[in-house]
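Working notes, beginning with the structure itself.
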């Protein structure tokens with residue numbers, strides 16, 4: 010992947026990437042680490058149904074994305090781009106890679122949760138075709154902030170505009 014003339018390497022994450030994932034989380038989430046080292050270790054061990062990709066510029070971790078793959082759905086579990094690399098379409102490219110993988114797996118949809126007040130992320134997801142489906146009240150435990158569940162239907166007209174209630 011090339012961004013602004015800089016070559017970025019995209020590869021599958023390993024346990025060796027976990028310290029960098031935690032540092033990147035702190036940069037992106039105002040000093041917080043929403044996911045613990047144990048959470049990342051657990052995700053990386055689920056090799057059959059999860060995939061984490063990391064993006065490096067030289068030896069610096071600049072972004073990552075994680076997803077779980079099920080029989081009918083791909084769920085984006087986590088995505089983060091270092092502040093100094095935001096706005097350069099790295100997040101969009103990572104999302105496109107996971108959407109392509111979901112299509113290869115013949116999944117029906119890709120889902121994710123996003124903070125209700127994260128306008129930049131919601132704009133990105135909408136630009137990729139995601140729809141807001143429902144709100145999860147108090148989803149984020151640290152701030153009790155609501156999340157919006159968003160879905161991208163991968164098959165034409167399948168459930169387009171369908172709203173779910175919990």
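Residue numbers (our numbering): 10 to 175. The beta-carbon is built from N, C-alpha and C at its ideal position, and this holds for glycine as well. In this text, all values refer to a predicted model and were calculated from it rather than measured experimentally.
Item to check | Simplified DSSP assignment, three categories, for residue 95 | outcome: Counted from its first residue, the chain shown places residue 95 at position 86. Looking at residue 95 - three-state DSSP - the assignment turns out to be coil, as it is neither helix nor strand.
Next on the checklist: At 3 residues or longer, what runs of the beta strand (DSSP E) sit wholly inside the stretch 17-66?
Outcome noted: 18-21, 59-66
Checklist entry - What distance in whole Å lies between the Cβ atoms of residue 119 and residue 163, which are believed to be in contact at a cut-off of 8 Å? => result The residue you call residue 163 lines up with position 154 of the chain shown. The residue you call residue 119 lines up with position 110 of the chain shown. Indeed they touch by this definition, with Cβ atoms about 7 Å apart.
Next on the checklist: Could you compute how far the alpha carbon of residue 160 sits from the alpha carbon of residue 80?
Outcome noted: For the purposes of this step, residue 160 is identified with residue 151 of the chain shown, where counting begins at 1. For the purposes of this step, residue 80 is identified with residue 71 of the chain shown, where counting begins at 1. C-alpha separation (whole angstroms): 16 Å.
Next on the checklist: Please classify residue 100 as buried or exposed, where buried requires at least 16 other C-beta atoms within 10 Å of its C-beta.
Outcome noted: What you label residue 100 is simply residue 91 of the chain shown in a count that begins at 1. Classification for residue 100: buried.
Next on the checklist: Quick check on this structure: which residue in 22, 28, 15, 153 has the alpha carbon closest to the alpha carbon of residue 59?
Outcome noted: Against the chain shown, residue 59 aligns to sequence position 50. The candidate whose alpha carbon is nearest that of residue 59 is 22.
Next on the checklist: Buried or exposed for residue 28, going by 16 or more other Cβ atoms inside 10 Å?
Outcome noted: Locating residue 28 in the chain shown gives position 19, where the first residue counts as 1. With fewer than 16 other Cβ atoms within 10 Å, it is exposed.
Next on the checklist: Please report the distance separating the alpha-carbon of residue 43 from that of residue 145.
Outcome noted: The residue labelled residue 43 in the question sits at position 34 within the chain shown. The residue labelled residue 145 in the question sits at position 136 within the chain shown. Taking the straight line joining both Cα atoms gives about 17 Å.
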